[in-house]
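Notes follow once the structure below has been shown.
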Amino acid sequence: MANITNDVFFATISELAARLRAKEFSCVELTRAFTDRFEKLAPQYNAMALSLRKEALSQAKDVDRELKRDRTRGPLQGIPYGAKDLFAVAGYPTTWGARPYAAQVFKEDARVIQKLTSAKAILIGKLSMIELAGGGNYSSAAASLTGPGLNPWDRERWSGGSSSGPGSAVAAGLVTFALGSETSGSILTPSAFCGVTGLRPTYGLVSRTGAMALSWTLDKIGPMCRSAEDCALVLHEIAGADTQDQSSSGRGFNYTPRFQRKPAEITIGYSKADFEGWEDPGARATFGAALEVIKAQGFVLKEVKLPDFPYGALLSTILAGEAGSIFEEFIRSGQVDQLADAQQIAGLKSYLDVPATDYLRAMRVRSLVQEAIHELMLDVHVLLSPTRYEIAPRVSDSLDRRGPGPIPPAGGLSSMIPAANLAGLPALSLPCGFIEGLPVAISLVGRAFYENQLVGIGNAFQKQTDWHRRKPPM
Amino acid sequence: MKVSRRALARTLIAGAAVATLPGQAPPAASTDTDVALAQARTQLRNTGLIVRAVPLPMSVEPAARFAPRA
Numbered sequence: 000m001a002n003i004t005n006d007v008f009f010a011t012i013s014e015l016a017a018r019l020r021a022k023e024f025s026c027v028e029l030t031r032a033f034t035d036r037f038e039k040l041a042p043q044y045n046a047m048a049l050s051l052r053k054e055a056l057s058q059a060k061d062v063d064r065e066l067k068r069d070r071t072r073g074p075l076q077g078i079p080y081g082a083k084d085l086f087a088v089a090g091y092p093t094t095w096g097a098r099p100y101a102a103q104v105f106k107e108d109a110r111v112i113q114k115l116t117s118a119k120a121i122l123i124g125k126l127s128m129i130e131l132a133g134g135g136n137y138s139s140a141a142a143s144l145t146g147p148g149l150n151p152w153d154r155e156r157w158s159g160g161s162s163s164g165p166g167s168a169v170a171a172g173l174v175t176f177a178l179g180s181e182t183s184g185s186i187l188t189p190s191a192f193c194g195v196t197g198l199r200p201t202y203g204l205v206s207r208t209g210a211m212a213l214s215w216t217l218d219k220i221g222p223m224c225r226s227a228e229d230c231a232l233v234l235h236e237i238a239g240a241d242t243q244d245q246s247s248s249g250r251g252f253n254y255t256p257r258f259q260r261k262p263a264e265i266t267i268g269y270s271k272a273d274f275e276g277w278e279d280p281g282a283r284a285t286f287g288a289a290l291e292v293i294k295a296q297g298f299v300l301k302e303v304k305l306p307d308f309p310y311g312a313l314l315s316t317i318l319a320g321e322a323g324s325i326f327e328e329f330i331r332s333g334q335v336d337q338l339a340d341a342q343q344i345a346g347l348k349s350y351l352d353v354p355a356t357d358y359l360r361a362m363r364v365r366s367l368v369q370e371a372i373h374e375l376m377l378d379v380h381v382l383l384s385p386t387r388y389e390i391a392p393r394v395s396d397s398l399d400r401r402g403p404g405p406i407p408p409a410g411g412l413s414s415m416i417p418a419a420n421l422a423g424l425p426a427l428s429l430p431c432g433f434i435e436g437l438p439v440a441i442s443l444v445g446r447a448f449y450e451n452q453l454v455g456i457g458n459a460f461q462k463q464t465d466w467h468r469r470k471p472p473m
Numbered sequence: 000m001k002v003s004r005r006a007l008a009r010t011l012i013a014g015a016a017v018a019t020l021p022g023q024a025p026p027a028a029s030t031d032t033d034v035a036l037a038q039a040r041t042q043l044r045n046t047g048l049i050v051r052a053v054p055l056p057m058s059v060e061p062a063a064r065f066a067p068r069a
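The listed protein sequences correspond, in order, to chains B and L. Heads up, the first sequence is in numbering that gives the first Met the number 0, so the first residue is 0 and it goes up one at a time. Heads up, the second sequence is in numbering that gives the first Met the number 0, so the first residue is 0 and it goes up one at a time.
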């Protein structure tokens, strides 16, 4: 029986794959160790929706048979992962984090699950989430069937949402990587708050078949991992055309680290205010140091401003119109009243009142947003900003009010999350330090389908820093 | 106009009865749910006002297939 040491739980995909191939342990031993850890620790963070131990061990036996015959498939073979409970797994409950859907079971796996199964990654469990991915505008971290997602760095703090479970599970070494989703911040926020590396791909790059829809215009699926490279390895497997998904761009993704541009050929747009404008000395030092690491790599930095649009209001209106339609029967039937968060219930109900003209106007303005951001990105390859402008709030605090912590500077690119989501652009969140003992991160937003460039800059940043390797106190 | 005491008494009693007939009871106090829904609707309306304030040439169409500009 192999001795699975603690460092295994915090290894990257490549490190773990190498150790599997070197037969330090079998896939069954690895899967058992991860599943034991997941079942024991995930409830402490309210991160577990469901353990899939039996299935996982069966898949692990297959992998061991293949590895014994030296039949290698790729870097994800035998790697344990978790999936936000928004993705269908055939024959098992897929709750969408919401009490009314607690017994919902689908007959087919979501496309991304199918792809990871083909790559022989091992799904060990479903991970908790904010109910219905938070579409109704929730006010509390407890807006979930499984209770508030707790942050492994401080269990009195929120892990972020709506991919709460993925954030906690990766940070705490319960899975090597996780699948999350984002409509407006749901991959980037828990990644930032939990100190993990998260990638929101370009809209249409990853199939959404079998994933709960919240907004057809805005939903994207992406990996949350221990490193930028790990995000690329997962994206390599899950990206690709799907004729069943009307939003599918038809494009795939091949991770090509050796075809990176030299840093001097890449211009990064940023705002000085975001890095030097913090009043709090700790925040200024942390974000300032991250900027210096980027500068030291030799990238060309250029100050930019986001085009002037009410991004939040536009996104809210589009989301309201689409979520109201997606969940129309759920709302009209009264099932919505069974949700955990009163503000979310009210929000969803109000969506039935969105005038068609408001929705269409927001979609038309979105055309202008896309055009304007496209123009901006003719001059820069990437936009850099803090991922979130605050640290993880206390679980007991209302999410409607800014909690205690450093006050963000005025100006800057603080509307980046709604802006880039409206434009459908990819983003990579990289842990960059700690403020008041809690992780913070920087975000790189790239041109559409330029994920390789984002990962290249991320790799360079993570070669010079070790924030992504830090482990929470357990 | 002369009204008999009996007629007046009937009118007064009928008027009092009307006030307590089913369907005509005074409205119940708003519940928390109603307040939350009213607030959500107000927020939606305010958001709509913000969106409507963005200048928009007639020729601009909705982003058709939700695809990002590559």
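The beta-carbon is built from N, C-alpha and C at its ideal position, and this holds for glycine as well.
Going along chain L in order, which residues have a C-beta closer than 7 Å to the C-beta of residue i?
i              : result
D352 (chain B) : R40, L43
R360 (chain B) : V50, R51, L55
F274 (chain B) : Residues of chain L passing the Cβ test: none, with the nearest at roughly 27 Å.
A312 (chain B) : T46, I49, V50
G346 (chain B) : A39
A319 (chain B) : L43
Tell me whether residue i is buried or exposed, calling it buried when 16 or more other Cβ atoms sit within 10 Å of its Cβ.
i              : result
D108 (chain B) : buried
K83 (chain B)  : buried
R36 (chain B)  : buried
L377 (chain B) : exposed
M473 (chain B) : exposed
P21 (chain L)  : For P21 (chain L), the predicted model reports a pLDDT of 44, less than 50, meaning its position is unreliable; a value from the coordinates is still stated below. With fewer than 16 Cβ atoms within 10 Å of its Cβ, P21 (chain L) is classed as exposed.
G333 (chain B) : exposed
N5 (chain B)   : exposed
L453 (chain B) : buried
S248 (chain B) : buried
V34 (chain L)  : exposed
E275 (chain B) : exposed
Q461 (chain B) : buried
R400 (chain B) : exposed
So which residues on chain L does residue i lean against when the C-beta distance must stay under 9 Å?
i              : result
T316 (chain B) : L43, T46, G47, I49, V50
S397 (chain B) : By Cβ distance, chain L contributes nothing, its closest Cβ being about 13 Å from S397 (chain B), past 9 Å.
Got a sec: is the Cβ-Cβ distance from residue i to anything in chain L below 8 Å?
i              : result
K304 (chain B) : no
D69 (chain B)  : no
P405 (chain B) : no
S167 (chain B) : no
D357 (chain B) : yes
T160 (chain B) : Residue 160 (chain B) is actually Gly in this sequence, not Thr. Output row for G160 (chain B): interface = no.
R363 (chain B) : yes
R308 (chain B) : Reading off the sequence, residue 308 (chain B) comes out as Phe, not Arg. Yes - at least one Cβ of chain L is within 8 Å of the one on F308 (chain B).
Q337 (chain B) : no
Q369 (chain B) : yes
Closest by CA to residue i, which one among the options?
i              : options                        : result
S58 (chain L)  : B:G457, B:E374, B:V364         : B:V364
V104 (chain B) : B:T116, B:G90, B:L115          : B:G90
S349 (chain B) : B:T94, B:M47, B:N136           : B:N136
V50 (chain L)  : B:M362, B:D244, B:S270         : B:M362
I12 (chain B)  : B:N420, B:S413, B:V174         : B:V174
D307 (chain B) : L:G47, L:V34, L:V53, L:Q38     : L:V53
A322 (chain B) : B:L313, B:A339, B:L351, B:D336 : B:L351
I129 (chain B) : B:L85, B:A170, B:R468          : B:L85
R257 (chain B) : B:R68, B:G320, B:A118, B:N451  : B:N451
L36 (chain L)  : B:D336, B:L149, B:Y388, B:V169 : B:D336
W157 (chain B) : B:L75, B:L421, B:E278, B:S397  : B:S397
Under 8 Å between beta-carbons, which chain L residues line up against residue i? List them in chain order, please.
i              : result
S366 (chain B) : V59, E60, P61, A62
S349 (chain B) : L36, A39, R40, Q42, L43
A341 (chain B) : D31, T32, A35
Throw me the rounded Cβ distance for the residue i and residue j pair, which I believe falls under 8 Å.
i              : j              : result
G197 (chain B) : S206 (chain B) : With a Cβ gap of about 19 Å, G197 (chain B) and S206 (chain B) do not count as contacting.
I317 (chain B) : T216 (chain B) : 5 Å
T94 (chain B)  : A101 (chain B) : 5 Å
P151 (chain B) : S167 (chain B) : 6 Å
D273 (chain B) : G445 (chain B) : Not confirmed; about 17 Å, so no contact.
G287 (chain B) : P405 (chain B) : So it is not a contact: roughly 13 Å between Cβ atoms.
T285 (chain B) : I416 (chain B) : With 8 Å as the limit, T285 (chain B) and I416 (chain B) do not qualify as a contact, their Cβ atoms being about 19 Å apart.
T386 (chain B) : S315 (chain B) : 20 Å between Cβ atoms; not a contact.
Taking 8 Å as the threshold (beta carbon to beta carbon), is residue i in contact with chain B?
i             : result
V17 (chain L) : Residue confidence is low: V17 (chain L) scores 44 on pLDDT, short of 50, so the model does not pin down where it sits. Its coordinate-derived value is still stated next. So, not an interface residue.
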